[in-house]
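Beneath this line is the structure, given in structure tokens, with notes to follow.
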Amino acid sequence: MLFLTSALIGTVLEILTYGIYIAVFFRSLTVFCRRREQRKPTLFLAIATCALFIVTTATVSYDVVFLINVFKNYTTQHIDYSGYPAKHIATTVGTVLDILISDAILFYRSYTLFLEGRRCLLVISFSVYNLEIALGIWSIISVFKFHPHVNPLSEEVVISLSIADSAYGALALFINLIFTISFVICLWRSHHRLAQLHITRQSSSNIFVRVGTVIVSSAAANIVWMVCVFSTSVTSSVLYEIFSGPLPVVTALIFSLVVVQSPQTSSHPAEMMNQYTQKPVVYPQVLLRDVERGDV
């Protein structure tokens with residue numbers, strides 16, 4: 252019963268994560284309201300966040316209904332698993348849509364931070380995202396043609412990604428990896444530059460805190476979860492159902508945390524950098540030119 256057990260664990264994790272996500276989602280709404288009062292642009296992020304919520308809620312609701320139907324007339328001789336193909340479709344569609352929306356948020360954050368004014372990179376990024384949309388549509392179409400038949404009492408998990416799913420997942424992982432690394436490097440360089448100019452006093456512990464904040468705000472955890480889903484699918488591991496089930500909720504949760512905690516709601520890179528910079532300790536008696544000469 253390894254397959255049934257892993258599916259059950261994955262659904263329970265999905266529901267628990269969704270409870271956390273609800274709290275973070277409503278917190279993000281308060282962030283948008285506050286930014287609107289400050290007359291700062293939030294329309295795109297607000298729409299994307301609400302779209303994530305709708306898709307994620309629909310996916311979780313379907314999974315809960317499926318789980319209830321499985322055990323509604325439960326006996327040791329018979330488990331009604333006939334609804335798994337429909338559940339597989341719902342999970343795949345929800346995952347594809349969530350990743351597309353979250354990557355749109357990722358592109359927006361990257362644009363406001365380091366892509367603005369760089370036409371070549373903008374064209375490349377836009378082309379790659381269009382390719383991701385095309386692969387996502389292909390993945391959704393293919394999942395309706397592929398109907399996995401599984402034995403819930405089996406000790407093996409034979410569900411694996413289709414070619415369309417593999418291509419889409421690989422591209423999405425590549426996009427997240429490249430832009431997350433670029434985002435972290437850009438923020439860290441900006442902070443380091445500002446710290447030098449303002450002569451800030453920072454202990455090693457504060458440095459670790461800042462590094463951790465940048466990692467969290469760059470949605471790096473989403474990459475780790477995507478790698479787990481991809482690797483367990485390729486190896487047909489029993490852990491696949493545990494990681495793939497909560498993926499839409501995990502993606503929505505991570506990017507909602509980004510909205511709440513990181514400066515992607517800012518309209519200018521300078522404002523984004525300042526949120527990662529502590530209030531500087533400036534010594535009036537020390538001139539900036541002395542610092543630049545290395546005298547202090």
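My numbering puts the sequence shown at residues 252 to 547. Positions of the beta carbon are idealized from the N, C-alpha and C atoms, including for glycine. On a predicted model such as this, the values are computed, not experimentally measured, just so you know.
Please report the straight-line C-alpha distance between residue i and residue j, rounded to a whole angstrom.
{"i": "residue 427", "j": "residue 319", "result": "35 Å"}
{"i": "residue 392", "j": "residue 477", "result": "21 Å"}
{"i": "residue 293", "j": "residue 372", "result": "24 Å"}
{"i": "residue 496", "j": "residue 259", "result": "9 Å"}
{"i": "residue 375", "j": "residue 471", "result": "22 Å"}
{"i": "residue 364", "j": "residue 297", "result": "18 Å"}
{"i": "residue 369", "j": "residue 362", "result": "9 Å"}
{"i": "residue 354", "j": "residue 290", "result": "25 Å"}
{"i": "residue 264", "j": "residue 256", "result": "12 Å"}
{"i": "residue 299", "j": "residue 507", "result": "10 Å"}
{"i": "residue 482", "j": "residue 336", "result": "22 Å"}
{"i": "residue 360", "j": "residue 317", "result": "36 Å"}
{"i": "residue 343", "j": "residue 501", "result": "14 Å"}
{"i": "residue 262", "j": "residue 493", "result": "8 Å"}
{"i": "residue 433", "j": "residue 280", "result": "27 Å"}
{"i": "residue 308", "j": "residue 268", "result": "12 Å"}
{"i": "residue 388", "j": "residue 347", "result": "8 Å"}
{"i": "residue 384", "j": "residue 351", "result": "7 Å"}
{"i": "residue 285", "j": "residue 437", "result": "26 Å"}
{"i": "residue 295", "j": "residue 386", "result": "23 Å"}
{"i": "residue 455", "j": "residue 333", "result": "The pLDDT assigned to residue 455 is 40, lower than 50, so where the model puts this residue is not dependable; a value taken from the coordinates is nonetheless given after this. Computed Cα separation, rounded: 56 Å."}
{"i": "residue 321", "j": "residue 253", "result": "15 Å"}
{"i": "residue 396", "j": "residue 287", "result": "45 Å"}
{"i": "residue 416", "j": "residue 485", "result": "11 Å"}
{"i": "residue 338", "j": "residue 312", "result": "11 Å"}
{"i": "residue 266", "j": "residue 509", "result": "21 Å"}
{"i": "residue 479", "j": "residue 323", "result": "31 Å"}
{"i": "residue 491", "j": "residue 429", "result": "25 Å"}
{"i": "residue 499", "j": "residue 487", "result": "20 Å"}
{"i": "residue 414", "j": "residue 301", "result": "30 Å"}
{"i": "residue 272", "j": "residue 431", "result": "21 Å"}
Helix, strand or coil for residue i? Go by DSSP, reduced to three states.
{"i": "residue 289", "result": "coil"}
{"i": "residue 309", "result": "helix"}
{"i": "residue 470", "result": "coil"}
{"i": "residue 397", "result": "coil"}
{"i": "residue 361", "result": "helix"}
{"i": "residue 491", "result": "helix"}
{"i": "residue 272", "result": "helix"}
{"i": "residue 496", "result": "coil"}
{"i": "residue 413", "result": "coil"}
{"i": "residue 343", "result": "helix"}
{"i": "residue 332", "result": "coil"}
{"i": "residue 431", "result": "helix"}
{"i": "residue 262", "result": "helix"}
{"i": "residue 369", "result": "coil"}
{"i": "residue 486", "result": "coil"}
{"i": "residue 522", "result": "Here residue 522 scores only 46 on pLDDT, less than 50, and its place in the model should not be relied on; the value that follows carries that caveat. Three-state result, residue 522: helix."}
Quick one: measure Cβ to Cβ for residue i and residue j, integer angstroms, because I've assumed they're closer than 8 Å.
{"i": "residue 349", "j": "residue 503", "result": "6 Å"}
{"i": "residue 270", "j": "residue 310", "result": "About 15 Å separates the two Cβ atoms, so there is no contact after all."}
{"i": "residue 422", "j": "residue 382", "result": "7 Å"}
{"i": "residue 394", "j": "residue 340", "result": "5 Å"}
{"i": "residue 283", "j": "residue 304", "result": "That pair is no contact at about 12 Å."}
{"i": "residue 207", "j": "residue 424", "result": "Since the first and last residues shown for the chain are 252 and 547, residue 207 lies out of range."}
{"i": "residue 390", "j": "residue 419", "result": "4 Å"}
{"i": "residue 511", "j": "residue 278", "result": "5 Å"}
Could you tell me whether any non-hydrogen atom of the ligand MG is closer than 7 Å to the CB of residue i?
{"i": "residue 490", "result": "Among the components of this structure there are no ligands whatsoever, and the ligand MG is therefore not found."}
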